[in-house]
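Reading through the structure tokens given below for one structure.
Numbering (our numbering), first residue to last: 172 to 664.
Here it is, written out as structure tokens:
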């Protein structure tokens, strides 16, 4: 988790949102998190400040501006206005108990602190923290500084600098998980002697109190991939393309989403366009058009063809734009030339689990980087991070079990920890029941069985030819044993 206290992490945002059930309070929390509105501006909001048709909200005062409402905050506001008590007051947010009054700034800050505590967020959370959380994420997007400051209603250089710094910390947080502490052993000799005998382990205590399972969000952190991220970054600086390859569960999508985060500098923002699926091709091109230019529809014909969209994307290319495309193995053979045109126009980071021969023309356009399973230390760090809000009866046993059944695959670790998070206390029984198919390796005994079968059949014919009935019967018995062994081995798979 981040050591900085001026914004919420994604896990904390999720926990806070899930802690709020009241329609009024949910609308307030969502407004802060999705618009970055000032506390005093929220207090002054009136019922007529929302334009339901255009999905915008008008902020009056010295920072007058109009803000777009995304689906999440629009739905929350709509739900609150339907349940809001009838009153002559024009205030958008009013008290719901006793005589109706407009909510005060102190009341709003108090309810934010209340829900933060219920969500398990230990540190102080107030309206300014929620605003900074929105601002930090805003400055990570493909947006100009002028537009960002207009949305936030600020012009102070120091405030702008503070929000940009917060956005950098969110995009590249320093995750330090220290599992070994050097200390001076001051225990008495008797205590040391008694500790030589094994005892029932004490339950591991929570290090996070968030009331949700911890997830490894690629926007905030990545574990055990520093070398790979560095190599990818160097290749992109040379305006070259790179293909990430690896088995299912190795974390290719997580790496891509981490790479796709825009890199904000004081001068410009490196635009990263993430495409989850390259098919259908037209939909992929539409996504790229939307992210390159919000007004692209005015610059292409109505109902544009794939060729027209491709030409527009190529001609509208902006400096420092990178394509990040997942699941490249799904590209259809007739669409290879379209994807190749994109790769030749933009530096591209792609990923695939299967380098099919029919797409080899596409694979030739990339440098390749194999993503291997996490080493043991990195896997332990990931387990430590994901289980930080679980109460565990025997952490070492759980860690060993996770390492054994995951084989270093991050997806397998994440899935198994998620199943453990359903337990109030992760005890011996729940640890013993851990299993994951993706991290389980099987030995293929087929060649050995076929070879042994051939030897037994040949030995049987040899015994028959030499009239050695003892060897003939022995070979028959061996064949029967082999058939039974084959049945159980293949059934176990």
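Every residue gets a Cβ at the ideal spot worked out from N, C-alpha and C, and that includes glycine.
Contact annotation, residue 286 with residue 307: C-beta distance approximately 20 Å; criterion of less than 8 Å not satisfied.
By the CB criterion at 7 Å, residue 580 and residue 421 fall inside the cutoff. With fewer than 16 other CB atoms across the displayed protein chains lying within 10 angstroms of its CB, residue 225 is exposed.
Per DSSP, the unbroken beta strand (DSSP E) holding residue 494 starts and ends at 493–496. In the structure shown, the three-state DSSP call for residue 418 is coil. The bridge partners DSSP lists for residue 238 are 228. Residues 413, 493, 518 and 520 of the same chain have their beta carbon placed closer than 8 Å to that of residue 407, with the five preceding and five following residues left out of the count. Contact check for residue 187 against residue 304 fails: the beta carbons are separated by 7 Å or more. Annotated three-state conformation of residue 397 is helix, per DSSP.
Contact check for residue 391 against residue 181 passes: the beta carbons are separated by less than 7 Å. DSSP, read as helix, strand or coil, puts residue 605 in coil. Looking at 452, 451 and 485, the one whose alpha-carbon comes closest to that of residue 463 is 485.
DSSP, read as helix, strand or coil, puts residue 391 in coil.
Scanning 640, 498, 561 and 247 for the CA closest to the CA of residue 291 turns up 561.
Of the candidates 276, 301 and 233, the residue whose Cα lies closest to the Cα of residue 204 is 301. The alpha-carbon of residue 338 is positioned some 28 Å away from that of residue 467. For residue 461, the uninterrupted alpha helix (DSSP H) segment begins and ends at 452–463. The alpha carbon of residue 229 has as its nearest neighbour, out of 322, 594, 246 and 531, the alpha carbon of 322.
Look at residue 409 here: in three-state DSSP terms it is coil, with no helix or strand label. According to the DSSP assignment, residue 625 belongs to the alpha helix (DSSP H) that extends over 617–636. Taking a cut-off of 8 Å for Cβ pairs, the region 212–221 and the region 188–196 do not touch, as fewer than three such pairs fall below it. With 16 or more neighbouring CB atoms inside 10 Å of its own CB, residue 311 falls in the buried class. Of the other Cβ atoms in all chains shown, fewer than 16 fall within 10 Å of the Cβ of residue 619; this residue is therefore exposed. Around the C-beta of residue 537, 16 or more other C-beta atoms lie within 10 Å, and the residue is accordingly described as buried.
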